[in-house]
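Protein chains in written order, with the working numbering: chain P, 1 to 329; chain R, 1001 to 1122. In this text, a Cβ means the ideal position worked out from N, Cα and C, and glycines have one as well. What follows is one structure encoded as structure tokens, with my remarks underneath.
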Amino acid sequence: MPRLQYGSASYDLLSGESVLDALLRQGVDLSYSCRKGSCLTCMLRCAKGHIPPQAQDGLRDSLRAQGYFLPCLASPEGDIDLLSGEDADLFGRARLVEIERLAPAIVRIRLEAATPLYYHPGQFINLRRGDGLMRSYSLASVPRREDHLEIHVKRLKGGAMSTWLNDEARVGDAIDIQGANGSGFYLPGHPDRPILLIGNGSGLAPLYGIARDALGDGHRGEIRLYHGSRTADGLYLRDELRALAVSHENFFYTPCVSGPEPNPGDRTGRADTAAFDDLPQLSGWRVFLCGSPPMVHAAKRTAYLAGAKLADIHADAFELRELRKTPRA
Amino acid sequence: MSETLYQRLGGEAAVNAAVDIFYRKVLADRQIRDFFDDVDMDAQRAKQKSFLTMVFGGPKTYTGKDMREAHKKLVANGLNESHFNAVAGHLQATLDELKVPKALSAEVMAIAASTHDDVLNR
Ligand code: HEM
């Protein structure tokens, strides 16, 4: 049975078990979230031993070279000596420079990174508060237009980070950021390909970034954004999106309200339902989905059945994240 | 040297052409789609590819025991004859859609049929 050396202790690894599962099973207190290689929250370093290559897929070369890997994807056959990540490799310092309420339960946070972050709108960063609490948020800002990083944070019941950012955090507060991560962003080079963006709640954030990135890049194909909310007051950035639709004839914005009392002009029903009613045929489309896990999962299947390729469907379901419940002591 | 069935069908390119057609049919079929409705669609699609590679007579070989193991949980969850027939039907329809000659598609269907007892853990 392979052994894992971590800190001053040694742990066993069952056949087929991931390094993350093995450490958690044996009571090690680690940060983790998606457990499938997307969020990078659980990243560790390997000091000695062989890491299966797929556990380093998608990591930056510099991190790979230093032995970083994703323990949730690694089931090594032999012994491994582990180091926890070096903070300086992973996290940069940032400061909250603006907090603006966009909807009753959603704030826009603008962050200033101490060293500029290279990113594409639609990618995500991990935020870490001073006490170790960590969460992922998608980037709505467009680097060539905006100096600061922009995220949208929805207050979740019992959500420690989201409640703090909505109600308690102040301009000037410091926070650590890691990133940018993820492959769901606009790729130039196919300016005529149509793009479908479907989001609910604060899942609008990456879509808002991707749409503006594509338009700024001179994208000519149609870009259709469907934003859904249960209540009309949850449809934030309405005016900005309407203005964008007025100034770009290939950009279409459809606000959707699934509960009672939509605003005049809103579609009734869910955003994904409205989108697929309008667009029954999606071969050749790139599709970006972000928001609640049930919507994202159902929409991914529907988009695929409508003809989009799986590789062209980008799906983020961040609210799924079961992060550690308590901050690190 | 006679070519294998897999080579005559067109090898991996043929599997790649078939996998999306087949997976879409399966996911659109209410009778069986719950078996395949994994949150991780990419992983599911990879498994459909293994399925097609196998029935196309491809290089990846499975034993009867592998087939029993792969479907054991599904049988416990109610996988039966009618589901097997539905999958076989979608496979045939996929081959027809790709205009695979009848003689070749008959060989594919024969491989699929030969797994019947193992898949259903009989
Ligand atoms: C027609 C004969 C069949 C053959 C030759 C076959 C073949 C296979 C193979 C080779 C795999 C393993 C893929 C891998 O893990 O690499 C597999 C898995 C699977 N098969 Fe089949 N299959 C058959 C029928 C069916 C039927 C009738 C159903 C359900 C309606 C089904 C549902 C599944 C599912 C859900 C998996 C994935 C199980 C998992 O997630 O581990 N199969 N099959």
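Identity of the residue in the options nearest residue i by Cα
{"i": "P/GLU17", "options": "P/SER62, P/SER38, P/PRO53, P/LEU73", "result": "P/LEU73"}
{"i": "P/SER258", "options": "P/VAL97, P/ASN181, P/GLY201", "result": "P/GLY201"}
{"i": "P/GLU150", "options": "P/GLU222, P/MET134, P/ASN126", "result": "P/ASN126"}
{"i": "P/ALA103", "options": "P/ASP233, P/GLU168, P/GLY92", "result": "P/ASP233"}
{"i": "P/TYR6", "options": "P/PRO116, P/GLN54, P/SER84", "result": "P/SER84"}
{"i": "R/GLU1081", "options": "R/LEU1120, R/ALA1112, R/VAL1015, R/ALA1018", "result": "R/LEU1120"}
{"i": "R/ALA1017", "options": "R/ASP1118, R/ASP1029, R/ALA1110, R/VAL1100", "result": "R/VAL1100"}
Other residues of its chain near residue i: CB distance less than 7 Å, five sequence neighbours each side excluded
{"i": "R/LEU1095", "result": "SER1105, VAL1108"}
{"i": "R/ASP1038", "result": "GLN1044"}
{"i": "P/LYS154", "result": "ALA105, ILE106, SER162, GLY201, SER202"}
{"i": "R/HIS1116", "result": "PHE1084"}
{"i": "P/LEU310", "result": "TYR304"}
Interface flag, residue i vs chain A, CB-CB below 8 Å
{"i": "P/ARG301", "result": "Of the protein chains in the structure, P and R, none is chain A."}
beta-carbon residue i near the ligand HEM non-hydrogen atom, thresh 7 Å
{"i": "R/ILE1021", "result": "no"}
{"i": "R/HIS1071", "result": "yes"}
{"i": "R/SER1050", "result": "yes"}
{"i": "R/LYS1025", "result": "no"}
{"i": "R/THR1115", "result": "yes"}
{"i": "R/HIS1090", "result": "no"}
{"i": "R/LEU1095", "result": "no"}
{"i": "R/MET1067", "result": "yes"}
{"i": "R/TYR1062", "result": "yes"}
{"i": "P/VAL246", "result": "no"}
{"i": "P/LEU63", "result": "no"}
{"i": "R/LYS1047", "result": "yes"}
{"i": "R/ALA1112", "result": "yes"}
{"i": "R/PHE1056", "result": "no"}
{"i": "R/VAL1087", "result": "yes"}
{"i": "R/VAL1119", "result": "yes"}
{"i": "R/LEU1005", "result": "no"}
{"i": "R/LEU1074", "result": "yes"}
{"i": "R/LEU1079", "result": "yes"}
Buried versus exposed, by CB contacts within 10 Å (16 or more), residue i
{"i": "P/PRO294", "result": "exposed"}
{"i": "P/GLN56", "result": "buried"}
{"i": "P/GLY228", "result": "buried"}
{"i": "P/PRO260", "result": "exposed"}
{"i": "P/THR326", "result": "At P/THR326 the pLDDT is 42, less than 50, meaning the model places this residue with poor confidence and gives no usable figure here."}
{"i": "P/TYR68", "result": "buried"}
{"i": "R/VAL1026", "result": "buried"}
{"i": "P/VAL19", "result": "buried"}
Chain-order list of residues whose beta-carbon lies under 6 Å from that of residue i (same chain, five-residue window excluded)
{"i": "P/LEU40", "result": "ASN181"}
{"i": "P/ASP266", "result": "PRO255, VAL257"}
{"i": "P/LEU13", "result": "PRO2, LEU4, ALA22"}
{"i": "R/LEU1005", "result": "GLY1057, GLU1107"}
Contacting residues, own chain, Cβ-Cβ under 8 Å from residue i (five flanking each side not counted)
{"i": "P/VAL330", "result": "Shown here, chain P extends from 1 to 329; a query on residue 330 of chain P therefore has no answer."}
{"i": "P/GLN26", "result": "TYR11, ASP12"}
{"i": "P/ARG230", "result": "VAL257, SER258, GLY259"}
Segments of 4+ residues assigned as alpha helix (DSSP H) that fall wholly inside the region 35 to 105 of chain P: 61 to 65, 87 to 90
Start-end ranges of the alpha helix (DSSP H) lying completely within the region 240 to 307 of chain P, minimum 4 residues: 271 to 278, 293 to 305
Secondary structure, alpha helix (DSSP H): runs of 4+ residues fully inside the region 1008 to 1032 of chain R: 1011 to 1028
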